[in-house]
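Reviewing the structure listed below.
2 protein chains.
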Amino acid sequence: MGMGRPREFDAEIALDQAMEVFWRHGYEGATIAQLTEAMGINPPSLYACFGNKEGLLKAALDRYTKLRGSWMDEVIGAATAREVAERMLMGIAEKQTDPANPPGCLLVQGGIACGSGSENVPFELAARRAENEDQLRDRFIRAKAEGDLKPSSDPAALARYVLAVSVGMGVMASSGADREALRQVADVAVQAVEAQSADRT
Amino acid sequence: MGMGRPREFDAEIALDQAMEVFWRHGYEGATIAQLTEAMGINPPSLYACFGNKEGLLKAALDRYTKLRGSWMDEVIGAATAREVAERMLMGIAEKQTDPANPPGCLLVQGGIACGSGSENVPFELAARRAENEDQLRDRFIRAKAEGDLKPSSDPAALARYVLAVSVGMGVMASSGADREALRQVADVAVQAVEAQSADRT
DNA sequence: TCACATCTGTAGTGAACACTACATATCTGG
DNA sequence: CCAGATATGTAGTGTTCACTACAGATGTGA
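Chains A and B, in that order, give the protein sequences.
Going by the numbering used here, the first sequence opens with residue 1236, and the numbers climb by one from there.
Going by the numbering used here, the second sequence opens with residue 1236, and the numbers climb by one from there.
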């Protein structure tokens, strides 16, 4: 009972290429031909490794969130709620206009609305975005407990707000907004969080 | 030289149906079969009237923006920049969770990323969103001139910010956020505009 | 070296897609 | 009533899609 012929490609490198195709064209706009070409493999290898197109997307999403995990840790590691928001939104202004990647965010570009065979793709992306929202919310709950945020503040609403701005910035980036434009949006957005912060007297 | 056989369907009613399909499934996810069924016509009628699928989308977008025009006028008709933002974002919280329509905003759901034959669809949507941004910017420029906004404020950045929040709320609505959740986001978001408003002493 | 298991490349599969040819129907102007 | 013009319904067109059958290649364990 041997182990069979070993795989000739690196799954993670291939996923990076697939990620880029989904990012640029969306789930439905990306074709298997484009994906296999970018990945440098043939369709049977893709299906043997990832099951089907949706399985490939999920694997690419896993890799995407994993690559961004350490950055997100840095964000929630900031000392105050205000600084959390600033790191998050300023970092997003940078990342979403990084020429090394397609503009925008894969968790949005991947597919907000899909056709009748792929209804769960938007849900899949939403679930990943919700993870980030949960991290922010937990951090803001702590900030409120520490007296960093006002007693009247709503940590869940704040987290949802920061995520909404992030998503909006992503859409703008994908339609051509440059880094400076996004920075300005982030700058304004942070002021709402500041307004919820306790006076530092 | 007669005028030929008259059209048997109402183009505007048909457009309303097409709008809903694009809204729910996106440009690429919507099929001609779904569109014609929703519109109650056959493919030849669709192509005779709108040219092709992309022409139908543009016509639907025209109708969408036309239907929302009067509301946008109400928004920028508010007395202060702060109230403009509040009307805009609270109105969006309502509209994007109106059960009479698919959740979210057609100008986002229509297609943020598309495949290789439809690259200009995202640009088309972005151009329509930019119209709203321009209206807001002009209104905020006036607010600054009137002393309603601080001399240090940036009307263009504020307009871009309000639009970013709107878009982010749309994405959240499409992935299940309810009206109250969106209202909370709007409520927080307005505070950033308030922070840019001149002190009313 | 042989049986077995897994991967890879070639070359397709049926299905769904956007779009249309064509015959027929219904109008206007004369 | 007739000629020209446009709309409609039926029934397709070629293309592209996600996905796969199959044969050969390359590994492991006995």
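Virtual Cβ for every residue (Gly too), placed ideally from N, Cα, C.
Rounded separation between Glu1272 of chain B and Gly1326 of chain B - CA only: Taking the straight line joining both Cα atoms gives about 31 angstroms.
Test: Ala1424 of chain A CB closer than 7 angstroms to a CB of chain B: Ala1424 of chain A belongs to the set of residues whose beta carbon lies under 7 angstroms from a beta carbon in chain B.
Contacting residues, own chain, Cβ-Cβ under 7 angstroms from Ala1191 of chain B (five flanking each side not counted): Residue 1191 of chain B lies beyond the residue range present for chain B, which begins at 1236 and ends at 1436; the question has no answer from this structure.
Backbone secondary structure at Ser1388 of chain A - three-state DSSP: Note: Ser1388 of chain A maps to coil in three-state DSSP.
Three-pair Cβ contact test at 8 angstroms for the stretch 1309 to 1320 of chain A versus the stretch 1376 to 1384 of chain A: Of all C-beta pairs linking the stretch 1309 to 1320 of chain A to the stretch 1376 to 1384 of chain A, three or more are shorter than 8 angstroms, placing the two stretches in contact.
Gly1304 of chain B - containing alpha helix (DSSP H), residue span: 1288 to 1311 is the span of the alpha helix (DSSP H), which, as asked, contains Gly1304 of chain B.
Runs of alpha helix (DSSP H) wholly within the stretch 1370 to 1426 of chain B (minimum 4 residues, chain order): The qualifying runs are 1390 to 1409.
For Ser1432 of chain B, three-class secondary structure by DSSP: DSSP places Ser1432 of chain B in strand when its eight states are reduced to three.
Chain A residues whose Cβ lies nearer than 7 angstroms to that of Asp1389 of chain B: Near Asp1389 of chain B (Cβ distances below 7 angstroms), the residues of chain A are Gln1419.
Anticipated Cβ contact below 8 angstroms, Ala1399 of chain A with Val1428 of chain B, distance rounded: Contact check for Ala1399 of chain A and Val1428 of chain B: beta-carbon distance about 15 angstroms, past the 8 angstroms limit, so the pair fails to qualify.
Stretch pair the stretch 1332 to 1340 of chain A + the stretch 1244 to 1261 of chain A: three plus CB contacts closer than 8 angstroms: Yes, since at least three Cβ pairs between the stretch 1332 to 1340 of chain A and the stretch 1244 to 1261 of chain A fall closer than 8 angstroms, the two stretches touch.
Contact set between Val1343 of chain A and chain B, taken where Cβ atoms lie within less than 8 angstroms: In chain order, Ile1347, Val1406 make up the part of chain B whose C-beta sits under 8 angstroms from the C-beta of Val1343 of chain A.
Chain-ordered neighbours of Leu1393 of chain A on chain B, where CB pairs are closer than 8 angstroms: Using a Cβ-Cβ cut-off of 8 angstroms, Leu1393 of chain A is close to Val1423 of chain B, given in chain order.
CB contact check: Gly1264 of chain B to chain A, cutoff 7 angstroms: Chain A, which has a Cβ nearer than 7 angstroms to the Cβ of Gly1264 of chain B, makes this yes.
Under 8 angstroms from the C-beta of Tyr1299 of chain A: neighbouring residues of chain B: Within chain B, no residue comes near Tyr1299 of chain A; the closest Cβ sits about 15 angstroms away, beyond 8 angstroms.
Exposed unless 16 or more other CB atoms sit within 10 angstroms - verdict on Met1274 of chain A: With 16 or more other Cβ atoms from the protein chains shown falling within 10 Å of its own Cβ, Met1274 of chain A counts as buried.
CB contact flag (Ala1394 of chain A, Ser1410 of chain B, <7 angstroms): Result no, Cβ atoms of Ala1394 of chain A and Ser1410 of chain B do not sit closer than 7 angstroms.
Own chain, CB closer than 7 angstroms to Tyr1262 of chain B, minus 5 neighbours either side, in chain order: If we look at Tyr1262 of chain B and ignore the five residues flanking it on each side, its Cβ neighbours are Leu1292, Gly1345, Gly1346, Cys1349, Ser1353, Val1356.
Contact set between Arg1259 of chain B and chain A, taken where Cβ atoms lie within less than 8 angstroms: In chain order: Ala1348.
Boundaries of the alpha helix (DSSP H) in which Ser1351 of chain A is found, first to last residue: Looking at the DSSP string, Ser1351 of chain A is not in any alpha helix (DSSP H), and its letter there is neither H nor E.
Of the residues B:Ala1265, B:Ala1283, B:Asn1367, B:Pro1279, the one placed nearest Leu1324 of chain B, counting alpha carbons only: Looking from the CA of Leu1324 of chain B, the closest CA among B:Ala1265, B:Ala1283, B:Asn1367, B:Pro1279 belongs to B:Asn1367.
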